[in-house]
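>
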Amino acid sequence: MSRFLSFIFGLILVTATAMPVSASVPEDMVKTMAANVTTQVRAVPANSNGVTPQVQAIIEHDIVPRFDFNRITQIAMGRNWAKASPSEQREIVTQFTHLLVRTYSNAINNLRDMDVVVKGSRSNGSEGDVTVRTQMVGRNQPTAIDYFLSNASGGWKVYDVQVEGVSLVSAYRDEFTSLVSNSGIAGVIDALKKKNTR
Amino acid sequence: MKPMKFRSVTQLLLALVFAFGLASGAARAQDKVNDPFEPLNRGIFFFNEIFDAVITTPVTSIYKAIIPDPVRRSIGGVFGNLDDLYSGVNHGLQGKGKQAGTDFSRVLINTTIGLGGLFDVAGDMGLAKSKTDYGVTLGAWGVGAGPYLVLPVMGPSSVRDTVGRGLRIASDPRTYIPWQTGYSLTAAEIVHLRAANASAENLIASSSLDKYNFTRSLYLQRRESQVRDAREAN
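Protein sequences appear in the order of chains A and B. Position one of the first sequence corresponds to residue 1 (the working numbering), numbered consecutively onward. Position one of the second sequence corresponds to residue 199 (the working numbering), numbered consecutively onward.
#1: Using a threshold of 7 Å, is the CB atom of residue 270 (chain B) nearer than that to any non-hydrogen atom of the ligand MN?
#2: Residue 174 (chain A) and residue 415 (chain B) - do their beta-carbons sit closer together than 8 Å?
#3: Using 8 Å as the limit for Cβ to Cβ distance, is residue 186 (chain A) near chain B?
#4: Which residues bound the alpha helix (DSSP H) around residue 153 (chain A)?
#5: Is the Cβ-Cβ distance between residue 254 (chain B) and residue 388 (chain B) less than 8 Å?
#6: Between residue 283 (chain B) and the rest of its own chain, which residues show a CB-CB distance below 6 Å, the 5 nearest in sequence each way excluded?
#7: What is the residue span of the alpha helix (DSSP H) that residue 135 (chain A) lies within?
#8: Could you check what DSSP says for residue 274 (chain B) in three-state terms: helix, strand or coil?
#9: Measuring only the C-alpha atoms, how far is residue 235 (chain B) from residue 310 (chain B)?
#10: In this structure, how does DSSP classify residue 44 (chain A) when only helix, strand and coil are distinguished?
#11: Please identify the residue among A:8, A:109, A:130, A:176 whose C-alpha is closest to the C-alpha of residue 152 (chain A).
#12: Run through chain B and tell me which residues come within less than 7 Å of residue 195 (chain A), C-beta to C-beta.
#13: Can you tell me whether DSSP reads residue 165 (chain A) as helix, strand or coil?
#14: Quick one: residues in its chain with C-beta nearer than 7 Å to the C-beta of residue 380 (chain B), no 5 flanking neighbours on either side, listed in chain order?
#15: Taking the beta strand (DSSP E) that residue 68 (chain A) falls in, what are its first and last residues?
#16: Please report the distance separating the alpha-carbon of residue 158 (chain A) from that of residue 195 (chain A).
#17: Can you find a CB in chain A that lies within less than 8 Å of the CB of residue 238 (chain B)?
#18: In the DSSP assignment, what residue or residues form a beta bridge with residue 353 (chain B)?
#19: Any idea what DSSP makes of residue 186 (chain A), helix, strand or coil?
#20: With burial defined as no fewer than 16 other Cβ atoms inside 10 Å of the residue's Cβ, what is the status of residue 345 (chain B): buried or exposed?
#21: Any beta carbon of chain A sitting closer than 8 Å to that of residue 327 (chain B)?
#22: What's the gap between the Cα of residue 244 (chain B) and the Cα of residue 128 (chain A)?
#23: Does DSSP put residue 145 (chain A) in a helix, a strand or coil?
#24: From the DSSP secondary-structure annotation, give me the bridge partner or partners of residue 121 (chain A).
#25: Should residue 107 (chain A) go down as buried or exposed, given a rule of 16 or more other Cβ atoms within 10 Å for buried?
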């Protein structure tokens, strides 16, 4: 009888330690993502002219799969998302993703000397919605960067990045709102296309 | 109704700030950006872009070419030292005594051992820098930002933050020295800050669809974030 109990006890112990604590999964993901990107970008020689194709490739490989660009675009479009047709919506997502990848590549390129330290995470109300707080440390004061993640669409994905309290998605939402009121949905698509071809 | 009398321009400005501040609370509820002066602001923004391209950037390039990075950082330390003094005053006004103490300790240590701010000795000792200003203090006291403003050369601001700047200028020693030296020191600080922010500036330029909109959003969000942090109890 006691051997059976020990066996059950052992089984419980093993499964308990094997189960990941739910809060640390998104934290680990951000940690891994940041570490991978930092290591790879530092291996690429610095180019003062801007982002090299190698850095862009790193971003596309390591960052893009972990971001939910559909959701990001919907948030940025706000109430105007419903005004766009499905093909327009797809076009906006494509163009906006391209712009964000370029922006992120530029930022990473400029910040290649800095280290990312994960500070912890907090829930945003529901279980599948967390914010992972990080700090970028380098020469000057550390910069707070918060990653907002959701696992609503299968797997943890980033849907907003806030730098020192400034939400990138909110900044683009202001842009899109202005564009739609001035030149409609077509205006948004045109502006994005023009920006991406420069 | 008896007309209100203002004993000084400062009083008038503070009254305006409070008036706009109360009004801006209502504007926020409408989910629209508070920028009633947008056409004027865009004009000044455009002027600032030209001024920056024609005057500030060339001077900044020369500054960066002649003065090596470590020296530039030391120069930054001197300007930052003065900032720490105002951060201390404002942290005190925001009710954050401990942080104010840290700020004043930084000024003392960096001015003496750090040779006027050239070296951030206090930072190395663990006294972290924490910048705040009169604009954030007014916000922490409940004054809303008010309409967005773009100031000539100085850039994005708001009615509240402009009053904050005014308070800072009024209490800055550079205002009270011969104007040639005062302006030269201010110009030097502008060039220094511009050089330090060059990569951020490039990033904004390359990521925005409408630079004016983007800058406005970043500025207003940043200020609200600072005010929120200031309102938090210790």
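Glycine residues also receive a C-beta, built at the ideal position from the N, C-alpha and C atoms. Since the model is a prediction, treat every value here as computed from it, not as a measurement.
From the atom records:
#1: Looking for the ligand MN in the displayed structure turns up nothing, as the structure carries no ligands at all.
#2: For this step, residue 415 (chain B) is matched to residue 217 along the second sequence. For this step, residue 174 (chain A) is matched to residue 174 along the first sequence. For residue 415 (chain B) and residue 174 (chain A), yes; Cβs fall inside 8 Å.
#3: Here the question's residue 186 (chain A) lines up with position 186 in the first sequence. False, the Cβ-Cβ gap to chain B never drops below 8 Å.
#4: Residue 153 (chain A) sits at position 153 when you count from the first residue of the first sequence. It is not in any alpha helix (DSSP H) - residue 153 (chain A) carries neither H nor E in the DSSP assignment.
#5: In the second sequence, residue 254 (chain B) corresponds to position 56, counting from 1. In the second sequence, residue 388 (chain B) corresponds to position 190, counting from 1. A contact, by the Cβ cut-off of 8 Å.
#6: Locating residue 283 (chain B) in the second sequence gives position 85, where the first residue counts as 1. 305, listed in sequence order.
#7: In the first sequence, the residue the question calls residue 135 (chain A) occupies position 135. Residue 135 (chain A) -> not in any alpha helix (DSSP H); beta strand (DSSP E) instead, spanning 129–137.
#8: Taking the first residue of the second sequence as 1, we reach residue 274 (chain B) at position 76. Of the three classes helix, strand and coil, the one that applies to residue 274 (chain B) here is helix, per DSSP.
#9: Here the question's residue 235 (chain B) lines up with position 37 in the second sequence. Here the question's residue 310 (chain B) lines up with position 112 in the second sequence. Whole-angstrom Cα-Cα distance: 46 Å.
#10: Numbered from 1 along the first sequence, position 44 holds the residue referred to as residue 44 (chain A). Coil at residue 44 (chain A), not helix or strand.
#11: Here the question's residue 152 (chain A) lines up with position 152 in the first sequence. Cα-wise, what sits closest to residue 152 (chain A) is A:130.
#12: Mapped onto the first sequence, residue 195 (chain A) falls at position 195. Ordered by position in chain B, the residues that pass the 7 Å Cβ test against residue 195 (chain A) are 407.
#13: Indexing the first sequence from 1 puts residue 165 (chain A) at position 165. Three-state result, residue 165 (chain A): coil.
#14: Counting from 1 along the second sequence, the entry for residue 380 (chain B) is found at position 182. Within the same chain, residue 380 (chain B) has close Cβ partners 372, 373.
#15: Position 68 of the first sequence, counted from the first residue, corresponds to residue 68 (chain A). That residue, residue 68 (chain A), is in no beta strand (DSSP E); it is neither H nor E in DSSP.
#16: For the purposes of this step, residue 158 (chain A) is taken as the residue at position 158 of the first sequence. For the purposes of this step, residue 195 (chain A) is taken as the residue at position 195 of the first sequence. Roughly 24 Å between the two C-alpha positions.
#17: Sequence index remark: in the second sequence, residue 238 (chain B) carries index 40 (1-based). False, the Cβ-Cβ gap to chain A never drops below 8 Å.
#18: By one-based count along the second sequence, residue 353 (chain B) stands at place 155. Per DSSP, B:349.
#19: Within the first sequence, numbered from 1, the residue matching residue 186 (chain A) stands at position 186. Three-state result, residue 186 (chain A): helix.
#20: As a position in the second sequence, residue 345 (chain B) is number 147, starting the count at 1. Per the 10 Å Cβ criterion, buried.
#21: To locate residue 327 (chain B), count along the second sequence from 1; it is residue 129. Chain A contact via Cβ: present.
#22: For this step, residue 244 (chain B) is matched to residue 46 along the second sequence. For this step, residue 128 (chain A) is matched to residue 128 along the first sequence. Cα to Cα, residue 244 (chain B) sits roughly 44 Å from residue 128 (chain A).
#23: What you label residue 145 (chain A) is simply residue 145 of the first sequence in a count that begins at 1. In this structure, residue 145 (chain A) counts as strand in the three-state DSSP scheme.
#24: Here residue 121 (chain A) is taken as the residue at index 121 of the first sequence, counted from 1. Looking at the DSSP assignment, residue 121 (chain A) forms a beta bridge with A:132.
#25: As a first step, residue 107 (chain A) is located in the first sequence; it is residue number 107 there, counting from the start. Buried, by the Cβ-count rule.
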